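J.:
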Amino acid sequence: MATKTQTYQHNTDASLTVHDDVSIDKQIEKLIRSHKELSITRSNEANINFEGGPDSEGLKLLPASSRKRIEADGLDISKGYPEIPPRTQIPIFVDEAHAIRAEDVPYIERGKNADPEKKALLGAAKEVIHLTKNVGTEIVGLQLADLTDQQKDELALLVAERVVVFFRDQKLPPTKQHELGSYLGNIEYHAQVPHVTGLPGATVIWNDYINKKDSKLNFANANLANWDTLRYPGYGNQGWHTDLVHEHQPAGYTHLHLDAIPSIGGDTIWSSGYGAYDKLSDEFKKFLDGKKAVYVSSHAYLDREDPLGGPKKIERVHPLVRTHPATGWKSLYVNRGLTKRIIGVSPVESDLILNYLFDIYEKNADIQVRFKWSPTKEGYGTSAIWDNRISQHRAVWDHEGEESRHGTRVTSLAEVPFFDPESNKNFEIVDDLPVEQQLETIFRNRNSKTLTGPDPVGLEILPESTKKRLEDDNIEISQGYPEIPPSENIPIYVDEVLKIRSFETPYDDKAKNADPEKKALFGAAKEVIHLTKNIGTEIVGLQLVDLTDEQKNELALLVSERVVVFFRNQKLPPSQQKALGSYWGKVEVHPQATHVNGIPGTTVLWSDYSKKKGNKANFANNGLQNWDVLRYQHQGPFAWHTDLVHELQPAGYTHLHLDAIPSLGGDTTWASGYAAYDKLSDEFKNFLDGKQVELQSLHGYIDRNDPLGGPKQVSRVHPLVRTHPVTGWKSLFINRGHIKRIIGVSPVESDLILNYLFDIFEKNADVQVRFNWQPTQEGYGTSAIWDNRVSQHKNIFDYEGDEPRHGTRVTTLAEVPYFDPNSKSQREALGKPIYKWDVKDNSSLSIVNDIPIDQQIENLIRAHNDLKITNNGNLKLRINPGPDPEGLKILSKSTRERLEADNIDLSVGYPETPPRAEIPVYLDQAYAIRAEDAPYIERAKNADPEKKALLGAAKEVIHLTKNVGTEIVGLQLADLTDQQKDELALLVAERVVVFFRDQKLLPSEQLELGKYLGNIEYHPQTTHVTGLPGNSVIWNDYFSLKGVNINYENNNLGNWDSLRYPARGTQVWHTDLVHEHQPAGYTHLHIDSVPTTGDDTLWASGYGAYDKLSDEFKKFLDGKKAVYVSAHAYLDREDPLGGPKRIERVHPLVRTHPATGWKSLFINRAMTRRIIGVSPVESDLILNYLFDIYEKNADIQVRFKWSPTKEGYGTSAIWDNRISQHRSVWDNEGAESRHGTRVTSLAEVPFFDPESKSQREALGKPIHQWE
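Sequential numbering of the sequence shown, starting at 1, is according to UniProt numbering.
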C-alpha cells in the first residue's frame, strides 16, 4: 500500500512532507535531525545551532596560547575548533537521554587508597597554601602531568577534604588532562557540548565562542539565575551550580584548565557542601538526613508521549545529604539551578526548605573561596580540580568577553550517590508510609556501633585517674566507655516525653530531718570554709562515702541554705555517688545522655569525649540565639542554666564529681536564686510573687500532629518565684536558657521583665561563686553538690579541651514547685536589712519628683557602670571607660610594636573607651552630633584624571577584578604627596576599594591621611587607639573577650533579615555610618595582625549594582529617598521607658558621586529601613531585591585576602562608602589574632543629580535593553 502524504509549501524551494502512518515522534525526530536550523536540545543558556564536526569559525577566534597548547599535543585542528558532536549522537527525547549511562558502572574512589598524611604529594611541593580556613588549597611547584599514581591518589583525597585544589604554571597537554581524569573516574562524554577536536570528553569552556554562537549572556543578566531559576533562566555558568547532578552516577572530580586568561576578571567561586551542612542546627540536620530530592538536567528534551508539549528535563532522585566515600563526611547536595524538589514534603515546604539551603551555600562567605585565574608564563596555564559531590561553583563574568578566556574541562563521573549516616543506616523514603513513621524510622535505625552500648572510642582517651576509679568500683569497661542508651529508649515525640514522669511521685526532703546547727556534719569536719558571703561552702576532712544518714540530712540542709557545697580529695566510686543521690530522692535517668557502664543515672560529663565524637565546644550552645535571644541564647553547659526545669518535678540536688581535672581552667560558677530575689525592690517582689512561667526543655522533639513543623521543646508551667520546702525562703526560679514566657503579661512586657531578671543572676558578682576544680592526689576527685531549686550554674570552657576534664553527675528529682505567699526572702528570714527604695541614701541616686524623669534616668545611667548607655544589636558589651588593661594582655606583638613606635602610651591599657559622660543617652543628643553642614573638600576633584603622580610612582598596579578593587605595589601611604593623595581619592572613587600591602604606617599617620580626605568621624561608643580618638580599633579577639558572641553558625545570619536575625560583628553586608547627616566617605582600614588563613573582606560596587537594573527600574528609583538608621539605639526623651530607638535620616536611594559623577545604589540590608513614597509592602519588596543585587552578583564584588606581611608592616584597604557595601569573613573563628585600626572620613550631604550618568553609560559600555 502506498504511503499517504500531504505536502506543505514553504517560502523556500524545500517542502515538508508529513506521513500520516509514521508515528509523530519519528517524524519529528527525522525533521530535527535533517534541519540544522532546529536546535536538537534546549538549555537555559541559549538555543544554539551547531553543525557537527570541527568548527572553522571557532578556529579564527582561538587565542594563540590555546592554539599552541593544543597543537603541541599533536591534535589536528586544521579543519576547525572546537569539535561539535554529530547531530546523530544527540538525543532528542527524554527517554533517549535518560538511557545514557543509566546502569551502574564500576568506580574506584582513588582517595580511599591515599596516605592520609599525603606525604608523596605534599612532600614534593614547594609550598602548600590554604586559601581560606574551610575551603581551597593551592599547591606550588608540582606539574600535574608528572604525578605518580600515589600522588594522584593523595591529590584525590586532598580535593575530597579541601573541596578544590589549584595548580598554577602548568604545562598540561589536553591528552594528559584527559588521562588524569580517566584515572580519577569514568570520563563524561557530553553529547551536546563542544570538545577539543579529536578528544571527546575534554569539554571546551569558552564563552567568547559561545557568544559568537548567539548566546544571550551579558552584564545585566549574568547572575539572574541566582534569584529564581524558574523565572530567570541562567546564562552560561554564572549561576551557582554543581555539574551533572542528573546523572545516575553524577560528577565526582572535575578538572578545569585555563590556558587563556583575561588580565582582569573571570574569577571562579566555590562553596563547600561540608561547611553548608555544618551551618545547620542538629535538629535540621536530623530532618534532612535520609531525605531525597529530584535533580534535573541542564538541557531539556522532548517527551515522546507528548512531543509537542514542550521541552522536559531529565529527572533523577539522589540523597539530599550525601556521604563522601573517601572522607566519610556529610555534605549538603543541593544547588539552586538543578535541584527541583524534596521528596516527601509538600511543594510549598520543599521550596521553603530549598531556598534556605541555597542561601546557606550562597550567602556564607566563610565556606567559600574566590580564585583569581591570573595569567601565567607563555605556554602554561592554571588548573582547578574540585569535587562536585561536596561543592557548588560559579564563574564571574565581569570581564564581559573583552579578553579571551579559554579552557578545557574533564569531568570524572563517580559513584551512585549514597547517604550513610550514623543515625539512620539504610533508611529510604517510602512515599506510602505516614511521614511521622518515616521520621521515627530515621531516629530509630541508628548505627548500633556508635550509638548503643559501651563506646570503644571513649576507652581510647580515658584518663588514667578515671580508669582507676571505675575499675576500683568493679565497673566493666573492657568493651568501651561510656555507655550509650539504646536508641529505642530515646523519645521522639513531644507526647512521649510528657509521659515520662508525668505523675507526681512522693518526695520527702531529707533536709527537713536535719539538726539546724548541723553538729554531726560540722563536728566531724576539719574545716568549714564559706567561699562568699551569700553562696558556696567548702568542707574539708570528710569523705562523702562515710557519711551517716544524720550527716547526709545535715548536708542536704547546708546545700539548701548555701546553694552549693564542695568537697575536695574524695575517694568516691560512681556506685556510691548514685547511692547518695538515691538517699536524697529519685535519681533522674536521662534517655539521651551517656552514663557510667551499668549505672544508669550516673551521667558522664566529659568534654574530651564529646570533642572526639565530633562535637565542638561553644557550637551547640550558641546555635539558635540569632533568631530569638530570649528563647535560644543559652544552650549547653557553657551558659547559665538550671537542670531539668521542664520536668513535672524538676531537679533538686545535683552531685557532680570530677575525677580528671585540667591543671588550669574549667571552673564552674553558680548564682543564688535567693540572693537574686533579694536584689528586687519590694514593689517588684510583690508584682512577681504568684506569677507563673512557661519553662521548656533543652532538647526538641517532633510534634506528632505536625511532624514537619520543626522541633518543639517540652513545656511545663511552674511558679516564677518558688518557695524552698526546707528553708522556706523565696527564690527566683528562672534561667535564660529554658524559660519561654511569663504567663499573664504581654509578650513585650514578658521580654522586658525576664531580661532584667536574667541580668540580675548573670551580672551581680555578689550572688555568685566561682569554683576552681584543682587537681587532687592520685585516685581522688572533687565533688560539688548544689540545689537546682535555688540556683543557676555555668561551666567555663577556658581550657578549651587541651587537658582532660571528666566527671560523673547524679541528679535527684524533687517536689512539684510551689509558691507559699507566707514564705520570706532569705534576707528577711535572716533578719538582714532590706533596702527601701523610697528612702534617701547619700550613696545612691535619689528619685526626686521635681526633677524631670528623663534627667533622673540619664543621671541613673551615667552613674552606674552596669547600665548600658546605648543599645547596639550588633555588639552587647559592657566595657568600662578609659584604657583597658584586659585588652593589653591579648595584644599581639606586631600590633604592640606598631603602637609603641608611634609613642602610644600603653602603660594603663589598650584600647581606650570614651568616657561615659561623652556617650549620648537620648536620641536628641545623638541627633545633635554633627547635625549641621560641615565644610567638605572632595580631594578627588583636584586630581589628574590619569593619576600620573600616583600610578607612575608605583611598581605595579593590579586590577583585582574588572569592576571593583585595585592593588598598588611599591608605595608607602605615609610618604604620599598631596597630589598623590588627591589621585588616590579619585582612584578609590572609580575602583571602589584600593589595597596597599607591606605598609609601615603609624596610627597617627593613618589619622592624618583621614583628615586630609575629609572630616574625621569620632565615635563616642567605640573603642579607639589609646590617646588617639578617631582611630577606631577593629579587633574581634578583644570583642570576644568582652562578650561578643560570634561563631561559625551565627556570623552570617544578618544577611537574611537584619530585623529577625541580629548581626554579629561585621560579618554582614553593610555601609558605614549611613545615618549621619554627612555619611561616611573614605574609610581606611589598616590590619597589622593577620591570621595565616581566613578572615578575608568582601566589597561590592554600588555603581555595578545600579547598572544591574533595567532602564525602567532605574527611572523609577532615580530621585526616590529612603530612611537610614544607626547601628546604635538610644532612649526617647519623650518616652524614656519605651525602649531603645535608632537615629533615622533621609537620603537619596540613588546618589551621585561628586568626583566621578556616576550614579550609585545607596542601600544596605542592615541599615536601610524603608523607601519613602511607597507602601511598606512595596518598600520591602523593592529593598530586598536591591539588597540581593549587591549580595548575589559576584561580578560586582571583590574578595581580598589579608595575607601576613613582613615583620612590623601591615596591609591597608581604602574604600568609598558612598558607592559600596562591605563585609568581613569570620572563617578563622578567632583561632589567630586579627587586629586593625580604622579611620573614617565623613563626606558631603548625599545628593542626586538627575543629569548624572551610570558608570557603564559614562564609560561607553553597552547597556542591555530588556525588550
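Ideal placement from N, C-alpha and C gives every residue a C-beta, glycine not left out. Because the structure is a prediction, the values reported are computed rather than measured.
Decide if residue 530 is buried, meaning its Cβ has at least 16 other Cβ atoms within 10 Å, or exposed.
T.: Within the sequence shown, the letter at position 530 stands for residue 530. Classification for residue 530: exposed.
J.: To the nearest angstrom, report how far apart residue 1126 and residue 1077 are at their CA atoms.
T.: For the purposes of this step, residue 1126 is taken as residue 1126 along the sequence shown, with counting starting at 1. For the purposes of this step, residue 1077 is taken as residue 1077 along the sequence shown, with counting starting at 1. Their Cα atoms are separated by approximately 11 angstroms.
J.: Quick one, which of 383, 460, 94 has its alpha-carbon nearest residue 176's?
T.: Taking the sequence shown and counting its residues from 1, the one referred to as residue 176 is at position 176. Cα-wise, what sits closest to residue 176 is 383.
J.: Quick one: grab the DSSP three-state call for residue 513.
T.: Here residue 513 corresponds to residue number 513 of the sequence shown, with the count starting at 1. Helix.
J.: So the candidates are 1225, 925, 965, 940; which of them puts its Cα closest to the Cα of residue 1067?
T.: Against the sequence shown, residue 1067 aligns to sequence position 1067. Of the candidates 1225, 925, 965, 940, the one whose C-alpha sits nearest the C-alpha of residue 1067 is 1225.
J.: Just verifying my parser: in three-state terms, what is the DSSP assignment at residue 1156?
T.: The sequence position of residue 1156 within the sequence shown is 1156, counting from 1. Reduced to three states, the DSSP call for residue 1156 is coil.
J.: Could you tell me how far apart the beta carbons of residue 572 and residue 552 are, in whole angstroms, since I believe they sit closer than 8 angstroms?
T.: Taking the sequence shown and counting its residues from 1, one reaches residue 572 at position 572. Taking the sequence shown and counting its residues from 1, one reaches residue 552 at position 552. Between residue 552 and residue 572 the Cβ distance is about 14 angstroms, and since that is not below 8 angstroms, they are no contact.
J.: Please name the residue in 1207, 737, 1019 whose C-alpha comes closest to that of residue 915.
T.: Counting from one through the sequence shown, the residue named residue 915 turns up at place 915. Checked all of 1207, 737, 1019; the closest Cα to residue 915 is 1019.
J.: So, for residue 602: in the same chain, excluding its five sequence neighbours on each side, which residues have a beta-carbon less than 7 angstroms away from its beta-carbon?
T.: Here the question's residue 602 lines up with position 602 in the sequence shown. So the list reads 574, 577, 578, 595, 596, 808, 810, once near-sequence residues are dropped.
J.: Taking only three categories from DSSP, how would you classify residue 584?
T.: Locating residue 584 in the sequence shown gives position 584, where the first residue counts as 1. Reduced to three states, the DSSP call for residue 584 is helix.
J.: Could you tell me which of 239, 260, 304 sits nearest to residue 358, measuring between CA atoms?
T.: Walking along the sequence shown from the start, residue 358 turns up at place 358. With distances taken between Cα atoms, residue 358 lies closest to 239.
J.: Using CA coordinates, which residue listed in 1090, 930, 982 is at the minimum distance from residue 997?
T.: Start at 1 with the first residue of the sequence shown, and residue 997 comes out as number 997. Checked all of 1090, 930, 982; the closest Cα to residue 997 is 1090.
J.: Going by beta-carbon coordinates alone, are residue 292 and residue 343 separated by less than 9 angstroms?
T.: Counted from its first residue, the sequence shown places residue 292 at position 292. Counted from its first residue, the sequence shown places residue 343 at position 343. Cβ atoms of residue 292 and residue 343: closer than 9 angstroms.
J.: Report the start-end ranges of each beta strand (DSSP E) in the stretch 301 to 340 that is 3 residues or longer and not cut off at the edges.
T.: With a minimum length of 3 residues, the continuous beta strand (DSSP E) runs that stay inside the stretch 301 to 340 are 312 to 319, 321 to 323, 330 to 332.
J.: Among residues of its own chain, excluding the 5 on either side of residue 890, which ones have a beta-carbon nearer than 8 angstroms to its beta-carbon?
T.: Taking the sequence shown and counting its residues from 1, the one referred to as residue 890 is at position 890. Answer for residue 890: 1037, 1038, 1041, 1233, listed in chain order.
J.: State the DSSP-derived secondary structure class of residue 991, mapped to helix, strand or coil.
T.: Taking the first residue of the sequence shown as position 1, residue 991 is located at position 991. Note: residue 991 maps to helix in three-state DSSP.
J.: Could you tell me the boundaries of the beta strand (DSSP E) in which residue 1036 lies?
T.: For the purposes of this step, residue 1036 is identified with residue 1036 of the sequence shown, where counting begins at 1. Careful: residue 1036 lies outside any beta strand (DSSP E), inside the alpha helix (DSSP H) at 1036 to 1041.
J.: Using the C-alpha atoms, what's the distance from residue 461 back to residue 610?
T.: Here residue 610 refers to the residue found at position 610 when the sequence shown is read from its first residue. Here residue 461 refers to the residue found at position 461 when the sequence shown is read from its first residue. Distance between the alpha carbons of residue 610 and residue 461 is about 11 angstroms.
J.: Per DSSP, what are the beta-bridge partners of residue 54 in this structure?
T.: Indexing the sequence shown from 1 puts residue 54 at position 54. Answer by DSSP bridge pairing, in chain order: 83.
J.: Could you check the C-alpha separation between residue 395 and residue 1206 for me, to the nearest Å?
T.: Residue numbering aside, residue 395 sits at position 395 when the sequence shown is read from its first letter. Residue numbering aside, residue 1206 sits at position 1206 when the sequence shown is read from its first letter. Distance between the alpha carbons of residue 395 and residue 1206 is about 33 angstroms.
J.: Are at least three pairs of beta-carbons, each pair with one atom in the stretch 769 to 779 and one in the stretch 676 to 696, less than 8 angstroms apart?
T.: They do not touch, by the three-pair rule.
J.: Residue 1087 and residue 1236: beta carbons closer than 9 angstroms?
T.: Taking the sequence shown and counting its residues from 1, one reaches residue 1087 at position 1087. Taking the sequence shown and counting its residues from 1, one reaches residue 1236 at position 1236. Taking 9 angstroms as the Cβ cut-off, residue 1087 and residue 1236 qualify as a contacting pair.
J.: Let me know if residue 907 comes out buried or exposed under the rule of 16 or more other beta-carbons within 10 Å of its beta-carbon.
T.: Against the sequence shown, residue 907 aligns to sequence position 907. Residue 907 comes out exposed.
J.: Express the C-alpha separation of residue 1150 and residue 1268 in angstroms, rounding to a whole number.
T.: No answer is possible for residue 1268: the residues shown for the chain start at 1 and end at 1267.
J.: Determine contact between the stretch 896 to 905 and the stretch 1212 to 1222, defined as no fewer than three beta-carbon pairs at a distance below 8 angstroms.
T.: With a cut-off of 8 angstroms, the stretch 1212 to 1222 and the stretch 896 to 905 do not count as touching, because too few Cβ pairs lie within range.
J.: Go ahead and label residue 682 buried or exposed: buried means 16 or more other beta carbons lie within 10 angstroms of its beta carbon, across all protein chains shown.
T.: As a position in the sequence shown, residue 682 is number 682, starting the count at 1. Answer is exposed; the Cβ neighbour count stays below 16.
J.: Which residues in the same chain as residue 1092 place their Cβ atom closer than 7 angstroms to its Cβ, once the five residues preceding and following it in sequence are excluded?
T.: In the sequence shown, the residue the question calls residue 1092 occupies position 1092. 1204, 1232.
J.: What separation, rounded to the nearest whole angstrom, lies between the Cα atoms of residue 1130 and residue 412?
T.: In the sequence shown, the residue the question calls residue 1130 occupies position 1130. In the sequence shown, the residue the question calls residue 412 occupies position 412. In a straight line, the C-alpha of residue 1130 is about 59 angstroms away from that of residue 412.
J.: Would you list the residues sitting across from residue 1082 in a DSSP beta bridge?
T.: Locating residue 1082 in the sequence shown gives position 1082, where the first residue counts as 1. For residue 1082, which the question treats as bridged, DSSP gives the partners 1216.
J.: Tell me, please, whether the stretch 553 to 572 touches the stretch 510 to 518 by the rule of three or more beta-carbon pairs shorter than 8 angstroms.
T.: The stretch 553 to 572, when compared against the stretch 510 to 518, does touch it at the 8 angstroms Cβ threshold.
J.: Judging by CA-CA distance, which residue of 1101, 406, 1182 is the nearest neighbour of residue 68?
T.: As a working mapping, residue 68 is identified with position 68 in the sequence shown. If we check each option's Cα against that of residue 68, 406 comes out closest.
J.: Rounded to a whole number of angstroms, what is the C-alpha to C-alpha distance between residue 897 and residue 1208?
T.: Counting from 1 along the sequence shown, the entry for residue 897 is found at position 897. Counting from 1 along the sequence shown, the entry for residue 1208 is found at position 1208. Approximately 7 angstroms between the Cα atoms of the pair.
J.: Please report the residue range of the alpha helix (DSSP H) in which residue 377 lies.
T.: Against the sequence shown, residue 377 aligns to sequence position 377. Careful: residue 377 lies outside any alpha helix (DSSP H) and carries neither H nor E.
J.: Span of the beta strand (DSSP E) holding residue 770?
T.: Residue mapping note: residue 770 aligns to position 770 of the sequence shown, counting from 1. 768 to 771 is the extent of the beta strand (DSSP E) around residue 770.
J.: Within the stretch 526 to 614, note down every full beta strand (DSSP E) run reaching 3 residues or more, in order along the chain.
T.: Complete beta strand (DSSP E) runs here, min 3: 527 to 530, 537 to 540, 564 to 570, 603 to 606.
J.: Assuming the contact rule is C-beta atoms closer than 8 angstroms, residue 1196 and residue 1105 should be a hit. Round their C-beta distance to whole Å, please.
T.: Along the sequence shown, one-based indexing puts residue 1196 at 1196. Along the sequence shown, one-based indexing puts residue 1105 at 1105. With a Cβ gap of about 6 angstroms, residue 1196 and residue 1105 count as contacting.
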